[in-house]
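Notes for the one structure printed next.
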Amino acid sequence: MDSELLVDTVRDERRLVQEALARLDAGTYGRCAVCQKEIDDERLEARPEVATCREHADARIGA
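FYI, in numbering that gives the first Met the number 0 the residues of the sequence shown are 0 to 62.
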């Protein structure tokens, strides 16, 4: 993997984690950013930084 691509990937992941921590502080962690429904535990266990439920997962791509 190209080192520049690796750096970009790490930055993106760091941003997602920081956003998840901000949602945790705001009391909105675990709720979909689109529909406000609870994100299932299985999804959060696999990707704790996700901001959307499965139904709206594609809505955040490129956001």
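All C-beta atoms, glycine included, are put in the ideal place defined by N, C-alpha and C.
Residue i to residue j, Cα distance in whole Å?
{"i": "A45", "j": "S2", "result": "26 Å"}
{"i": "D39", "j": "D57", "result": "16 Å"}
{"i": "C52", "j": "L5", "result": "27 Å"}
Which residue's Cα is closest to the Cα of residue i: the options?
{"i": "A50", "options": "D24, A19 and D39", "result": "A19"}
{"i": "V33", "options": "E54, L5 and A21", "result": "E54"}
For the alpha helix (DSSP H) containing residue i, list its first residue and its last residue.
{"i": "V9", "result": "S2 to A25"}
{"i": "R42", "result": "D40 to A45"}
Does the Cβ-Cβ distance between residue i and residue j come in under 9 Å?
{"i": "R30", "j": "R22", "result": "yes"}
{"i": "E37", "j": "V16", "result": "no"}
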